[in-house]
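Visitor: Residue numbers (the working numbering): 27 to 206. Using N, Cα and C, we set each Cβ at its ideal position, and we do this for glycine too.
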Amino acid sequence: MTVSYWTGQNLTLRAIQPEDIIIFEFLDDEILRNMDSIHFPRSANKMSEWVEEQSEEDDEFRFVAVDRDNNIVGLIETFDCDLKNGIFDYYLAVFEPYRGKGYAKEMILMVLRFFFSERAYQKVNTTVYSFNEPSIRLHEKLGFMKEGQLRKIIFTKGAYYDGICYGMTREEFEQNHGSL
27 MTVSYWTGQN LTLRAIQPED IIIFEFLDDE ILRNMDSIHF PRSANKMSEW VEEQSEEDDE
87 FRFVAVDRDN NIVGLIETFD CDLKNGIFDY YLAVFEPYRG KGYAKEMILM VLRFFFSERA
147 YQKVNTTVYS FNEPSIRLHE KLGFMKEGQL RKIIFTKGAY YDGICYGMTR EEFEQNHGSL
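1) Are the CB atoms of Tyr186 and Phe170 nearer to each other than 7 Å?
2) Alpha carbon to alpha carbon, what distance is there between Leu118 and Asn158?
3) Among Ser143, Val120, Ile49 and Leu39, whose alpha-carbon lies nearest the alpha-carbon of His196?
4) Should Val91 be labelled buried (16 or more other beta-carbon atoms within 10 Å of its own) or exposed?
5) In the DSSP assignment, what residue or residues form a beta bridge with Cys191?
6) So, do the region 103–111 and the region 170–180 have three or more beta carbon pairs nearer to each other than 8 Å?
7) Answer with buried or exposed for Leu206, where buried requires no fewer than 16 other C-beta atoms within 10 angstroms of its C-beta.
8) What is the C-beta distance between Tyr116 and Val150, in whole angstroms, given that I count them as a contact (C-beta under 8 Å)?
9) Taking the beta strand (DSSP E) that Glu103 falls in, what are its first and last residues?
10) Is the distance from the Cβ of Phe141 to the Cβ of Tyr147 below 7 Å?
11) Can you give the beta carbon distance from Val99 to Leu37, rounded, assuming they're within the 8 Å contact cut?
12) Quick check on this structure: which residue in Pro160, Lys183, Leu164 and Ser156 has the alpha carbon closest to the alpha carbon of Gly174?
13) Using DSSP's beta-bridge definition, name the partner residues of Gln186.
14) Quick one: is Thr152 buried, meaning 16 or more other Cβ sit within 10 Å of its Cβ, or exposed?
15) At the level of alpha carbons, what is the spacing between Pro44 and Arg88?
16) For Ile134, report the span of its alpha helix (DSSP H) as first-last.
17) Taking only three categories from DSSP, how would you classify Ile162?
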């Protein structure tokens with residue numbers, strides 16, 4: 027049986043393409059807030075340059091998630107990839123019309139399965155901002171362990187919020203989501 031890490035039950039993960047610039051021009055404030063990325067407006071030229079710079083670098087990768095109808099439902103990015111110590115981080119965003127449909131869970135599990143089984147990583151970390159209750163519930167439901175809380179690390183909506191640090195080891199992933 028052929029396994030495709032990048033095609034799941036409802037989604038396909040693919041690399042960012044130049045035409046995906048439209049995604050980043052119209053991200054709503056809630057998604058940008060969750061990514062700690064609310065900035066001044068950028069020109070079309072600056073946005074094009076930024077998209078072109080999003081080349082894959084080792085295991086740091088920005089995936090675009092598309093559904094069966096080829097609608098872009100969100101993004102997931104891996105970063106701070108440390109193969110020597112076997113740890114990496116990620117963040118994700120699911121666009122408003124597609125939230126609550128299981129896409130975030132599928133995106134996370136696809137990336138984790140690949141990184142644990144093909145890239146020899148042994149631990150994943152992620153930080154969820156304390157105002158993002160749906161993401162907190164999702165990570166806890168997936169079996170992530172709360173490993174700490176960084177107080178008042180993000181300023182948005184006129185207030186400071188905490189970052190809640192979650193982690194999962196390869197063994198915990200296998201226990202919660204089956205063998206690799």
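Guide: In this structure, then:
1) Here residue 186 is taken as the residue at index 160 of the sequence shown, counted from 1. Here residue 170 is taken as the residue at index 144 of the sequence shown, counted from 1. Contact flag unset, no.
2) The residue labelled residue 158 in the question sits at position 132 within the sequence shown. The residue labelled residue 118 in the question sits at position 92 within the sequence shown. Approximately 12 Å between the Cα atoms of the pair.
3) What you label residue 196 is simply residue 170 of the sequence shown in a count that begins at 1. First, the residue type needs correcting, since residue 196 is Arg and not His in the sequence shown. With distances taken between Cα atoms, Arg196 lies closest to Ser143.
4) As a working mapping, residue 91 is identified with position 65 in the sequence shown. It should be pointed out that residue 91 corresponds to Ala in this sequence rather than to Val. Classification of Ala91: buried, given that the 10 Å Cβ count is 16 or more.
5) Here residue 191 refers to the residue found at position 165 of the sequence shown. For Cys191, which the question treats as bridged, DSSP gives the partners Thr153 and Gly174.
6) no
7) Sequence index remark: in the sequence shown, residue 206 carries index 180 (1-based). Classification for Leu206: exposed.
8) As a working note, residue 116 is residue 90 in the sequence shown. As a working note, residue 150 is residue 124 in the sequence shown. Contact holds; Cβ gap of about 7 Å.
9) Counting from one through the sequence shown, the residue named residue 103 turns up at place 77. Looking at the DSSP string, the run of the beta strand (DSSP E) that includes Glu103 is Ile98 to Asp108.
10) Position 115 of the sequence shown, counting from 1, holds the residue named residue 141. Position 121 of the sequence shown, counting from 1, holds the residue named residue 147. Going by C-beta atoms, Phe141 is nearer than 7 Å to Tyr147.
11) As a working note, residue 99 is residue 73 in the sequence shown. As a working note, residue 37 is residue 11 in the sequence shown. That pair is a contact at about 7 Å.
12) Reading the sequence shown from its first residue, position 148 is the one you call residue 174. Cα-wise, what sits closest to Gly174 is Ser156.
13) For the purposes of this step, residue 186 is identified with residue 160 of the sequence shown, where counting begins at 1. The sequence as given places Tyr at residue 186; Gln does not occur at that position. In the DSSP output, where bridge partners are listed per residue, Tyr186 has Phe181.
14) Translated into positions along the sequence shown, residue 152 becomes position 126. Thr152 should be labelled buried.
15) In the sequence shown, residue 44 corresponds to position 18, counting from 1. In the sequence shown, residue 88 corresponds to position 62, counting from 1. Answer to the nearest angstrom: the Cα atoms are 13 Å apart.
16) Reading the sequence shown from its first residue, position 108 is the one you call residue 134. Start and end: Tyr129 to Ser143.
17) Taking the first residue of the sequence shown as position 1, residue 162 is located at position 136. If DSSP states are grouped into helix, strand and coil, Ile162 belongs with the helices.
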